[in-house]
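Visitor:
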Amino acid sequence: MRNDPIYFPGLNGLRAIAAIAVVLSHITLALKEFNLNPHIFGTFQDGTPKGLTLAGYGVSIFFVLSGFLITYLLQAEKEVQPINVKKFYLRRILRIWPLYYLYLVIAVTTIAILDLGLDLKSLFLYLFYAANIPFIAGTALPFLEHYWSLGVEEQFYLFWPWFNKKIEKNIVPIIVFIIAILLGTKVFLHSFYPNTLLEDIITVTRFHCMMIGALGAILYNQKNKLFLLTTDNKIYQGSCWFIVLLVAINKFHLASIIDNEIICVVALGLIIGQIRINNRIINLEINVFDFLGKISYGIYVIHPLLIFFFSKIFGRANVSPPYKYFIVYFVILSTTILISYFSYTYFEKYFLNLKKKFVIIASTASAN
Numbered sequence: 470m471r472n473d474p475i476y477f478p479g480l481n482g483l484r485a486i487a488a489i490a491v492v493l494s495h496i497t498l499a500l501k502e503f504n505l506n507p508h509i510f511g512t513f514q515d516g517t518p519k520g521l522t523l524a525g526y527g528v529s530i531f532f533v534l535s536g537f538l539i540t541y542l543l544q545a546e547k548e549v550q551p552i553n554v555k556k557f558y559l560r561r562i563l564r565i566w567p568l569y570y571l572y573l574v575i576a577v578t579t580i581a582i583l584d585l586g587l588d589l590k591s592l593f594l595y596l597f598y599a600a601n602i603p604f605i606a607g608t609a610l611p612f613l614e615h616y617w618s619l620g621v622e623e624q625f626y627l628f629w630p631w632f633n634k635k636i637e638k639n640i641v642p643i644i645v646f647i648i649a650i651l652l653g654t655k656v657f658l659h660s661f662y663p664n665t666l667l668e669d670i671i672t673v674t675r676f677h678c679m680m681i682g683a684l685g686a687i688l689y690n691q692k693n694k695l696f697l698l699t700t701d702n703k704i705y706q707g708s709c710w711f712i713v714l715l716v717a718i719n720k721f722h723l724a725s726i727i728d729n730e731i732i733c734v735v736a737l738g739l740i741i742g743q744i745r746i747n748n749r750i751i752n753l754e755i756n757v758f759d760f761l762g763k764i765s766y767g768i769y770v771i772h773p774l775l776i777f778f779f780s781k782i783f784g785r786a787n788v789s790p791p792y793k794y795f796i797v798y799f800v801i802l803s804t805t806i807l808i809s810y811f812s813y814t815y816f817e818k819y820f821l822n823l824k825k826k827f828v829i830i831a832s833t834a835s836a837n
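Under my numbering, the sequence shown is numbered contiguously, ending at residue 837.
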């Protein structure tokens with residue numbers, strides 16, 4: 470084990486941006502429940518309200534971050550000893566499972582008490598990290614629709630440590646080939662068999678997004694000169710932040726079928742810019758982002774129930790719209806952050822401390 474834990478500056482800031490964007494967007498999509506206009510960010514062609522585009526891409530940012538960090542640690546472990554897959558899974562279990570199942574129990578209890586429709590077949594899939602299946606099938610449980618991304622991540626990690634353990638040579642071209650195959654299949658299906666189940670599966674279960682982060686981690690670990698020259702410069706970093714700005718104001722659209730993949734490449738560029746420091750345009754290594762990034766898992770997991778409960782409190786409140794918009798966004802966001810802080814401090818940390826027993830290459834979420 471290395472004496473000093475691995476720490477990458479600024480990445481908590483990216484987590485914070487993605488998590489907060491998801492919450493704000495889901496609040497926006499639920500504004501009708503507060504007797505407010507849900508179309509404040511525009512309307513899709515089918516008449517449904519738009520949320521924040523950044524939230525839609527926020528999950529892709531999370532995927533790239535996860536793929537980068539996990540792969541970097543696996544490769545670092547591989548440099549000192551064979552990858553211990555059992556300990557890898559124990560670390561993932563202790564990080565993800567406690568809050569996942571706690572919130573699942575609370576959400577299912579709420580569904581049952583309020584008689585909102587508890588599909589037992591879907592529940593079975595949630596129990597075994599296959600939440601992307603009911604999401605694709607349109608049978609997602611209330612308050613648990615967002616769990617699809619957690620299912621995708623856990624499915625990816627069923628094979629990813631083994632892949633890193635077994636592939637000794639040519640890992641970069643192999644990953645590039647797999648990304649190309651998955652992306653090519655997605656484009657082919659969209660072009661010739663649009664709106665089919667298979668297209669939905671590959672669009673939702675986008676392992677290639679995590680592989681983009683993984684590819685970046687390997688190239689960064691290898692100090693690949695071409696990769697670093699391409700990503701770690703002011704022009705590339707400025708371009709990435711310009712795209713993020715367009716996304717934040719709902720103005721990003723280049724080629725809809727690969728927009729998510731473009732955002733993945735942007736996210737990878739921002740990761741390199743943050744951790745290399747010298748050419749980053751915006752410094753995300755500040756206390757508020759560091760704080761929000763550390764509790765971002767809780768923010769992502771718990772916010773749907775809070776939106777629902779507060780809709781029952783504020784839905785019929787006789788408050789003029791400008792003030793009501795502010796109250797709804799502020800109260801839900803601040804309460805989500807507060808509860809996530811308590812969850813992290815008094816619940817998740819217990820399991821994170823247990824996780825240290827199975828660490829080979831130490832890492833830390835904070836510079837402090």
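For every residue, glycine included, the Cβ atom is placed at its ideal position computed from N, Cα and C.
Note that the structure is a prediction, hence the values are computed from the model and not measured.
Helix, strand or coil for T512, going by three-state DSSP, please let me know.
Guide: Here residue 512 refers to the residue found at position 43 when the sequence shown is read from its first residue. In this structure, T512 counts as strand in the three-state DSSP scheme.
Visitor: Just verifying my parser: in three-state terms, what is the DSSP assignment at S725?
Guide: Translated into the one-based positions of the sequence shown, residue 725 becomes position 256. Secondary structure of S725 (DSSP, three-state): helix.
Visitor: I'd like the span of the alpha helix (DSSP H) that includes P551, first residue to last.
Guide: Here residue 551 refers to the residue found at position 82 of the sequence shown. Careful: P551 lies outside any alpha helix (DSSP H) and carries neither H nor E.
Visitor: Along the alpha helix (DSSP H) that carries H683, what are the first and last residues, could you check?
Guide: Position 214 of the sequence shown, counting from 1, holds the residue named residue 683. Sequence check: residue 683 is Ala here, not His. Note, A683: alpha helix (DSSP H), F676 to N690.
Visitor: Does DSSP classify I670 as helix, strand or coil?
Guide: Residue 670 sits at position 201 when you count from the first residue of the sequence shown. Three-state result, I670: helix.
Visitor: Throw me the rounded Cβ distance for the S535 and M679 pair, which I believe falls under 8 Å.
Guide: As a first step, residue 535 must be located in the sequence shown, where it is residue number 66. As a first step, residue 679 must be located in the sequence shown, where it is residue number 210. Contact holds; Cβ gap of about 6 Å.
Visitor: Less than 9 Å between the beta carbons of A606 and Q624, yes or no?
Guide: Here residue 606 is taken as the residue at index 137 of the sequence shown, counted from 1. Here residue 624 is taken as the residue at index 155 of the sequence shown, counted from 1. No, Cβ-Cβ distance for A606 and Q624 is not below 9 Å.
Visitor: Helix or strand or just coil, what does DSSP make of P518?
Guide: Start at 1 with the first residue of the sequence shown, and residue 518 comes out as number 49. DSSP places P518 in strand when its eight states are reduced to three.
Visitor: Is DSSP giving S708 helix, strand or coil here?
Guide: Position 239 of the sequence shown, counting from 1, holds the residue named residue 708. The three-state reading of DSSP puts S708 in helix, counting H, G and I together.
Visitor: Straight-line CA distance for F477 to F778?
Guide: To locate residue 477, count along the sequence shown from 1; it is residue 8. To locate residue 778, count along the sequence shown from 1; it is residue 309. Approximately 37 Å between the Cα atoms of the pair.
Visitor: So, are the CB atoms of N846 and V621 less than 9 Å apart?
Guide: No information on residue 846 is available, as it lies outside the stretch 470 to 837 that the chain covers here.
Visitor: Could you give the first and the last residue of the continuous alpha helix (DSSP H) run that contains P611?
Guide: Translated into the one-based positions of the sequence shown, residue 611 becomes position 142. No alpha helix (DSSP H) holds P611; DSSP gives it neither H nor E.
Visitor: Rank L589, F646 and S708 by C-alpha distance to the C-alpha of I681 and give the top, closest one.
Guide: On the sequence shown, position 212 is the one that residue 681 refers to. The shortest Cα separation from I681 among L589, F646 and S708 belongs to F646.
Visitor: Counting along the chain, where does the alpha helix (DSSP H) carrying G586 start and finish?
Guide: In the sequence shown, the residue the question calls residue 586 occupies position 117. G586 -> no alpha helix (DSSP H), and no H or E assigned at all.
Visitor: Is Y526 near the ligand COA, judged by its Cβ being under 8 Å from some heavy atom?
Guide: Ligands are entirely absent from the displayed structure, and the ligand COA is therefore not among its contents.
Visitor: Please report the straight-line C-alpha distance between P790 and L505, rounded to a whole angstrom.
Guide: The sequence position of residue 790 within the sequence shown is 321, counting from 1. The sequence position of residue 505 within the sequence shown is 36, counting from 1. Computed Cα separation, rounded: 7 Å.
Visitor: Just to check my reading of the structure: Y815 and L493 have Cβ atoms closer than 8 Å, yes? What is that Cβ distance to the nearest angstrom?
Guide: Mapped onto the sequence shown, residue 815 falls at position 346. Mapped onto the sequence shown, residue 493 falls at position 24. Not a contact, Cβ separation roughly 26 Å.
Visitor: For S832, which three-state DSSP category applies?
Guide: Reading the sequence shown from its first residue, position 363 is the one you call residue 832. It is a strand residue.
Visitor: Out of curiosity, what's the CA-to-CA distance linking K781 and I768?
Guide: Taking the sequence shown and counting its residues from 1, one reaches residue 781 at position 312. Taking the sequence shown and counting its residues from 1, one reaches residue 768 at position 299. K781 and I768: Cα-Cα distance of roughly 20 Å.
Visitor: For S765 versus S809, is the C-beta spacing smaller than 9 Å?
Guide: Numbered from 1 along the sequence shown, position 296 holds the residue referred to as residue 765. Numbered from 1 along the sequence shown, position 340 holds the residue referred to as residue 809. Closer than 9 Å, so yes.
Visitor: Rounded to whole angstroms, what's the CA-CA distance from R561 to I539? Just pull it up for me.
Guide: Translated into the one-based positions of the sequence shown, residue 561 becomes position 92. Translated into the one-based positions of the sequence shown, residue 539 becomes position 70. C-alpha separation (whole angstroms): 10 Å.
Visitor: Just checking my contact of Y626 with V770 at CB under 8 Å: how many whole Å lie between their CB atoms?
Guide: Taking the first residue of the sequence shown as 1, we reach residue 626 at position 157. Taking the first residue of the sequence shown as 1, we reach residue 770 at position 301. Not confirmed; about 17 Å, so no contact.
Visitor: Please tell me whether W629 and A545 are closer than 9 Å, where the distance is taken between their beta carbons.
Guide: Walking along the sequence shown from the start, residue 629 turns up at place 160. Walking along the sequence shown from the start, residue 545 turns up at place 76. For W629 and A545, no; Cβs fall outside 9 Å.
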